[in-house]
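Those sequence lines, one after another, are chains A and B.
According to the working numbering, the first sequence is numbered sequentially starting from 24.
According to the working numbering, the second sequence is numbered sequentially starting from 24.
Number of protein chains: 2
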Amino acid sequence: MKTRVTKLLNIQYPIVQGGLAHLAYAELASAVSNAGGLGQITAMTLGEGEKLRKEIRKTKELTQNPYGVNFAIGQHATSYEELLEVVIEEEVPVISVTGANPKPIFERLQGEKVKKLVLVANVRQAQKAESLGADAVMAVGNEGGGHLGRDEVGTVVLIPRVVQSVSIPVLASGGIGTGRGLLAALALGADGIEMGTRFIATKECVHAHQTYKKALLASSEQDTVIIKKTWGAPGRVLKSVYTNHIIQREREGATYEDLKESVSGEANKKYIYEGEEDKGFGWAGQVVGLIDSVPSVQELIVNMIEEARHGAEDVYKMFEN
Amino acid sequence: MKTRVTKLLNIQYPIVQGGLAHLAYAELASAVSNAGGLGQITAMTLGEGEKLRKEIRKTKELTQNPYGVNFAIGQHATSYEELLEVVIEEEVPVISVTGANPKPIFERLQGEKVKKLVLVANVRQAQKAESLGADAVMAVGNEGGGHLGRDEVGTVVLIPRVVQSVSIPVLASGGIGTGRGLLAALALGADGIEMGTRFIATKECVHAHQTYKKALLASSEQDTVIIKKTWGAPGRVLKSVYTNHIIQREREGATYEDLKESVSGEANKKYIYEGEEDKGFGWAGQVVGLIDSVPSVQELIVNMIEEARHGAEDVYKMFEN
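Written as structure tokens, this is what we have:
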């Protein structure tokens, strides 16, 4: 199929895999790219330049198609300069920036051929990203997993607002994990989707513990909650005794410093790598309510495109009468 | 056009106007029905049976098309028995029930020809409504104006979940006010939409004060907030000094009894009828970010259908290549 996103990124289907801290490595990224979408490696959770280089080279061995590297440069992130040099040296075709102002990264990339995507949560951020030279924005609605905007604007409103506010292509993110969801994103004027949570529940997301995958299947759309809201950095996670406790502490006035360890990457890994439900947490969007299988990435994408294609026909016919 | 909802309600376009407390009377309801949608009169805010009868008869004079009567039977609502008898006597073609269990209303309507719609905010309520005999459900996502579900599930996830959980038609509600929004609802598997806030900013919503209409145009999708959340009855309103004060009081532990007058129908009317911003509030959904005109209802619906039709063609073509 063809949209501005498939043309921009030179991919078959307008589906970009999200950055997925601690989970987005060569196996998953290459599977998504081989299936016609754009897979991504997470740079920041790899930490060191040589580790990133190894992961990029592994990805290049596993796929001939375009892929991306994600930079999650949120407020408590470490430095990325070394990682960025590796991206340039390895001639990575696409990067995405999430969590903060992409300006310093874009400045370093000037003159390089790499395509630049930016995750935004409101119109102002989208316009800023466009003015800085982003090739496309990924707009995330309140349904999404992981870090979100502070205004709680739902995907169904956010996407058309961003689409009417920028000229570059828009990828819809937040609450999308099916062919019907992809179709709705296109209906709202997006040129494609970014999808995170849904890709965790695939065979090729080899780093996610079975406990985490099973929880994604078992959870309903009512089973996610938002942590870190009181500090202005809301993030959606699976509801659990552990995450309920964080929220309770926040309500009682706990600061970031108080709960730093409980919300850290280490606590995240305790759950998503080791399945220790009482020692950590897992990011997840409301789309968990629509996840009930762990297919291969290839199966997932083929099924989504078929479902979207049939849905497009059905909807088109409604207007013919 | 044709969907299960147009067939069920015998209307031209699958667009149902929401109940709109204090604003949904004969002028608006007949305009929506004349434009091919389903207009509704609000029963509960009329209060007395004979007042409702007068409004129904006025509506019948103004349109030959089907119309509905809404019963908002939330927790602090008054009794509706007398109003329901009038609906039966006047042979109203459609009723909708919002805010609570429709069982007692449905029991009284047994054997009557009236079609029954129910507003729901989660799968459990939708299944309950179906089992009680609802002809269709209207599922409202977290983006919506007025009273919402407690789980903050966005429209883009809630609609496909409800569609897969019931056999009766589903109308999508929450965040929809454009042709693209209608198209997205159909893409998600809905058979139509319920739309509230968008209809307030029309010429025929004659009871809404200019101050309220102007505020709907001026507001962005970031300019709504939720009141009454701490009491388990969240409702989305326009952000203002007045509504911020309510939220602040709630945070400090104020009870419903403490703030009863501030959140009452009288306070609502102070703002929406008289434009007194410091004495009351107005319900509104996040869709205010997409509202920038006050057209006639006929113009609004014609434009929405055209936009949706063109969008359906555009999206369909994306899959052809």
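The C-beta atom is built at its ideal place from N, Cα and C for all residues, glycine as well.
Source: prediction; values computed, not measured.
Just list the beta strand (DSSP E) runs in the segment 174-238 of chain A, keeping only unbroken ones of 3 residues or longer that don't cross its boundaries, in chain order. Taking 3 residues as the minimum length, the beta strand (DSSP E) runs contained wholly in the segment 174-238 of chain A are 193-196 and 215-218, in order along the chain.
According to DSSP, what are the bridge partners of Gly-258 (chain B)? One-based indexing of the second sequence puts residue 258 (chain B) at position 235. Residue pairing of Gly-258 (chain B) in beta bridges, as defined by DSSP: B:His-170 and B:Ile-250.
Just to confirm the assignment, what range does the beta strand (DSSP E) spanning Gln-245 (chain A) have? Walking along the first sequence from the start, residue 245 (chain A) turns up at place 222. In this chain, Gln-245 (chain A) is not harboured by any beta strand (DSSP E), its DSSP state being neither H nor E.
List the residues that DSSP assigns as beta-bridge partners of Leu-61 (chain A). For the purposes of this step, residue 61 (chain A) is taken as the residue at position 38 of the first sequence. Residue pairing for Leu-61 (chain A): DSSP places it in a beta bridge opposite A:Val-39.
Kindly list the residues whose CB is nearer than 7 Å to the CB of Glu-78 (chain B), restricted to its own chain and excluding five residues on each side of it in sequence; keep chain order. Along the second sequence, read from residue 1 onward, the residue named residue 78 (chain B) stands at position 55. Excluding sequence neighbours, Glu-78 (chain B) sits near Tyr-48, Ala-49, Ile-64 and Leu-69.
Is it right to say Val-120 (chain A) is buried, meaning 16 or more other beta carbons lie within 10 angstroms of its own, or is it exposed? As a working note, residue 120 (chain A) is residue 97 in the first sequence. Buried, because 16 or more other Cβ atoms sit within 10 Å of the Cβ of Val-120 (chain A).
Quick one: list the residues of chain B neighbouring Met-341 (chain A), beta-carbon separation under 8 Å, in chain order. Along the first sequence, read from residue 1 onward, the residue named residue 341 (chain A) stands at position 318. Going along chain B in sequence order, the residues near Met-341 (chain A) (Cβ under 8 Å) are Met-24, Lys-25, Thr-26, Leu-209 and Ala-335.
Since Thr-201 (chain B) and Pro-183 (chain A) should fall inside the 8 Å C-beta cutoff, what is the C-beta to C-beta distance between them, to a whole number of angstroms? For this step, residue 201 (chain B) is matched to residue 178 along the second sequence. For this step, residue 183 (chain A) is matched to residue 160 along the first sequence. About 7 Å separates the Cβ atoms of Thr-201 (chain B) and Pro-183 (chain A), confirming a contact at the 8 Å cut-off.
Measuring CB atoms only, is the segment 206-223 of chain B touching the segment 202-213 of chain A, in the sense that at least three cross pairs come out at less than 8 Å? Contact between the segment 206-223 of chain B and the segment 202-213 of chain A is present, because at least three Cβ pairs lie under 8 Å.
For the segment 163-185 of chain A, which residues have a beta carbon sitting closer than 8 Å to at least one beta carbon of chain B? Of all residues in the segment 163-185 of chain A, the ones placed with a Cβ closer than 8 Å to any Cβ belonging to chain B are Gly-164, Asn-165, Glu-166, Asp-174, Glu-175, Val-176, Gly-177, Thr-178, Val-179, Val-180, Leu-181, Pro-183 and Arg-184, in chain order.
Leu-46 (chain A) versus chain B: which residues are under 9 Å apart at the beta carbon? Your numbering for residue 46 (chain A) matches position 23 in the first sequence. Those do not exist, as Leu-46 (chain A) stays about 21 Å from chain B at its closest Cβ, beyond 9 Å.
Give every residue of the same chain whose Cβ lies closer than 6 Å to the Cβ of Glu-166 (chain B), excluding the five residues on either side of it in the sequence, and list them in chain order. Working through the second sequence from its first residue, we reach residue 166 (chain B) at position 143. Closer than 6 Å at the Cβ level, and outside the excluded window around Glu-166 (chain B), lie Thr-178, Gly-197, Gly-198, Gly-308 and Gln-309.
With DSSP as the reference, label Ser-53 (chain A) as helix, strand or coil. The residue labelled residue 53 (chain A) in the question sits at position 30 within the first sequence. Three-state result, Ser-53 (chain A): helix.
Check distances from the C-beta atoms of the segment 238-254 of chain B to those of chain A and list, in chain order, the residues that come in under 8 Å. Residues of the segment 238-254 of chain B with a C-beta atom less than 8 Å from some C-beta of chain A are Ser-243, Glu-244 and Gln-245, listed in chain order.
On the CB-based measure, 16 or more other CB atoms within 10 Å of its CB, does Ala-241 (chain A) come out buried or exposed? In the first sequence, residue 241 (chain A) corresponds to position 218, counting from 1. A residue is called buried once 16 or more other Cβ atoms fall within 10 Å of its Cβ, and Ala-241 (chain A), having fewer, is exposed.
Which whole-angstrom value describes the C-beta separation of Phe-304 (chain A) and Val-264 (chain A), a residue pair presumed to lie in contact below a C-beta threshold of 8 Å? Sequence index remark: in the first sequence, residue 304 (chain A) carries index 281 (1-based). Sequence index remark: in the first sequence, residue 264 (chain A) carries index 241 (1-based). Phe-304 (chain A) to Val-264 (chain A), Cβ: 10 Å. No contact.
Against chain A, which members of the segment 309-321 of chain B pass a CB distance test of less than 8 Å? With the criterion set as a beta carbon lying under 8 Å from some beta carbon of chain A, the members of the segment 309-321 of chain B are Gln-309, Val-310, Gly-312 and Leu-313, in sequence order.
At what residues does the alpha helix (DSSP H) containing Ala-100 (chain A) begin and finish? In the first sequence, residue 100 (chain A) corresponds to position 77, counting from 1. First-last for Ala-100 (chain A): undefined, no H or E at that position.
Shorter than 8 Å from the beta carbon of Gly-198 (chain A) to some beta carbon of chain B? Against the first sequence, residue 198 (chain A) aligns to sequence position 175. It does: the Cβ of Gly-198 (chain A) has a partner Cβ on chain B nearer than 8 Å.
Just the chain B side, please: which residues come within less than 9 Å of Gly-204 (chain A) by C-beta, in chain order? The residue you call residue 204 (chain A) lines up with position 181 of the first sequence. Neighbours of Gly-204 (chain A) on chain B, chain order: Val-179, Val-180, Pro-183, Ala-210 and Leu-211.
Within a Cβ cutoff of 6 Å, which residues of the same chain sit near Ala-238 (chain A), ignoring the five residues on either side of it in sequence? Translated into the one-based positions of the first sequence, residue 238 (chain A) becomes position 215. Here the set comprises Leu-261.
Does the segment 72-88 of chain B touch the segment 105-119 of chain B, meaning 3 or more C-beta pairs lie closer than 8 Å? Contact between the segment 105-119 of chain B and the segment 72-88 of chain B is present: 3 or more CB-CB pairs across the two stretches fall below 8 Å.
State whether the segment 127-144 of chain B contacts the segment 221-235 of chain B, with contact taken as three or more CB pairs (one from each stretch) at a distance under 8 Å. Result no; under three Cβ-Cβ pairs closer than 8 Å.
Is it buried or exposed for Glu-275 (chain A), if we count other Cβ within 10 angstroms and need 16 for buried? Indexing the first sequence from 1 puts residue 275 (chain A) at position 252. Result: exposed.
Please name the residue, chosen from A:Asn-267, A:Gln-321 and A:Trp-254, that lies closest to Ala-277 (chain A) on a Cα-to-Cα basis. Mapped onto the first sequence, residue 277 (chain A) falls at position 254. It is A:Trp-254 whose Cα lies nearest to the Cα of Ala-277 (chain A).
Asn-93 (chain A) to Val-117 (chain A) span [Cα, whole Å]: Stepping through the first sequence from its first residue, residue 93 (chain A) is reached at position 70. Stepping through the first sequence from its first residue, residue 117 (chain A) is reached at position 94. Here the alpha carbons of Val-117 (chain A) and Asn-93 (chain A) stand approximately 9 Å from one another.
Cα-Cα separation between Ala-157 (chain A) and Ser-285 (chain B), rounded to whole angstroms: Position 134 of the first sequence, counted from the start, is the residue given in the question as residue 157 (chain A). Position 262 of the second sequence, counted from the start, is the residue given in the question as residue 285 (chain B). Their Cα atoms are separated by approximately 46 Å.
Looking at the structure shown, is Ile-94 (chain A) part of a helix, part of a strand, or coil, going by DSSP? Counted from its first residue, the first sequence places residue 94 (chain A) at position 71. Before going further, note that residue 94 (chain A) is Phe rather than Ile in the sequence given. DSSP places Phe-94 (chain A) in the strand class (E or B) of the three-state scheme.
How would you list, in chain order, the residues of chain B whose beta-carbon sits under 8 Å from the beta-carbon of Thr-201 (chain A)? Counting from 1 along the first sequence, the entry for residue 201 (chain A) is found at position 178. By Cβ distance, chain B contributes Pro-183.
Return the Cβ separation of Ala-44 (chain A) and Gly-288 (chain A) in integer angstroms, given the expectation that the two are a contact with Cβ distance under 8 Å. As a working note, residue 44 (chain A) is residue 21 in the first sequence. As a working note, residue 288 (chain A) is residue 265 in the first sequence. That pair is a contact at about 7 Å.
Label Gln-40 (chain B) either buried or exposed according to how many other C-beta atoms from any shown protein chain fall within 10 Å of its C-beta, with 16 as the threshold for buried. Along the second sequence, read from residue 1 onward, the residue named residue 40 (chain B) stands at position 17. Buried is the label assigned to Gln-40 (chain B), since at least 16 other Cβ atoms lie within 10 Å of its Cβ.
Separation of Lys-251 (chain B) from Glu-280 (chain B), as counted between CA atoms: Position 257 of the second sequence, counting from 1, holds the residue named residue 280 (chain B). Position 228 of the second sequence, counting from 1, holds the residue named residue 251 (chain B). About 12 Å.
Option nearest Lys-138 (chain B) by Cα separation, candidates B:Pro-192, B:Thr-86 and B:Gln-148: The count along the second sequence starts at 1 and reaches residue 138 (chain B) at position 115. Residue B:Pro-192 is the option with its Cα nearest to Lys-138 (chain B).
Closer than 7 Å at the beta carbon, the chain B residues around Arg-259 (chain A): Here residue 259 (chain A) refers to the residue found at position 236 of the first sequence. Neighbours of Arg-259 (chain A) on chain B: none; closest Cβ ~10 Å, over 7 Å.
Compare the beta carbon distance of Tyr-339 (chain A) and Ala-149 (chain B) with 8 Å and say whether it is the shorter of the two. Indexing the first sequence from 1 puts residue 339 (chain A) at position 316. Indexing the second sequence from 1 puts residue 149 (chain B) at position 126. No. Outside cutoff.
Looking at chain A, is there any beta carbon in it that lies within less than 8 Å of the beta carbon of Val-39 (chain B)? Within the second sequence, numbered from 1, the residue matching residue 39 (chain B) stands at position 16. With 8 Å as the cut-off, Val-39 (chain B) does not count as an interface residue toward chain A.
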